[in-house]
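Residue numbers (this note's numbering): 238 to 442.
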């Protein structure tokens with residue numbers, strides 16, 4: 238019953254195009270560092286990091302990014318919880334940094350092209366990264382990892398909707414998400430969001 242509830246809730250979240258908050262994300266802005274802090278405080282209070290070594294590295298004085306703060310917080314929740322599940326009793330690293338977009342870094346492992354946005358090189362934004370020292374995501378799975386119902390978890394362990402919701406939310410916010418091998422040896426999910434006022438430079442593919 239609990240699994241059915243998670244799947245139904247995931248479907249509701251994924252089928253959110255008519256949601257006013259999602260439709261209005263083009264005009265909303267977010268302090269990404271504040272969102273990350275709230276998520277980490279919440280998950281920490283829930284005991285999510287009891288068996289993990291967690292490093293948080295947030296760059297100071299970051300500009301605001303385009304996107305609804307509540308939806309972007311859900312992105313952070315999904316990525317951090319995934320990292321904890323991928324690396325039981327392992328290390329999780331989450332951070333932010335101001336960065337100009339570089340197609341060479343994102344293009345090889347970016348989300349499937351049908352959902353991607355084209356962002357011009359040099360567009361200023363903020364990069365959010367969540368890394369772990371788990372087994373990582375095989376290169377052959379990196380494009381499919383954002384597809385609805387696709388999961389690398391054991392049967393019964395995941396709905397396959399979390400990363401699909403992440404990709405759709407980031408896309409609606411004018412950004413792009415991709416996965417690569419982390420320095421810790423596992424996976425690193427990277428989310429690039431243009432700063433508020435710059436997102437119009439991104440266009441649907």
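We treat Cβ as the ideally placed atom computed from N, Cα and C, and that holds for glycine. Remember, predicted model here, so these are calculated numbers, not experimental data.
Whether residue 320 touches residue 338 by CB criterion (9 Å): no
Neighbourhood of residue 300 by C-beta, 6 Å cutoff - its chain only, sequence neighbours within 5 removed: 432
Stretch pair the stretch 417–425 + the stretch 304–316: three plus CB contacts closer than 8 Å: no
Residue 281 classed as buried or exposed, judged by whether at least 16 other C-beta atoms fall within 10 angstroms: exposed
Straight-line Cα distance separating residue 286 from residue 340: 34 Å
Bridge partner(s) assigned by DSSP for residue 426: 367 and 416
Contact set for residue 347: own chain, Cβ-Cβ below 8 Å, skip 5 residues either direction: Its pLDDT being 47, under 50, residue 347 is placed unreliably in this model, and the value from its coordinates should be taken loosely. The residues are 353, 413, 414 and 415.
Endpoints, alpha helix (DSSP H) assigned at residue 405: 399–409
For residue 300, the residue or residues it bridges with in DSSP: Its beta-bridge partners do not exist; DSSP assigns none.
Cβ-Cβ separation, residue 323 to residue 385 (assumed contact under 8 Å), whole Å: So it is not a contact: roughly 19 Å between Cβ atoms.
Residue 363 and residue 330 closer than 9 Å at C-beta: no
Buried versus exposed, by CB contacts within 10 Å (16 or more), residue 355: exposed
For residue 295: DSSP bridge partner residues: 333
Same chain, Cβ closer than 6 Å to residue 366, five either side skipped, listed in chain order: 332, 425 and 427
Same chain, Cβ closer than 7 Å to residue 295, five either side skipped, listed in chain order: 270, 273, 332 and 333
Selection from 370, 404, 369 and 277 that minimises the alpha carbon distance to residue 381: 404
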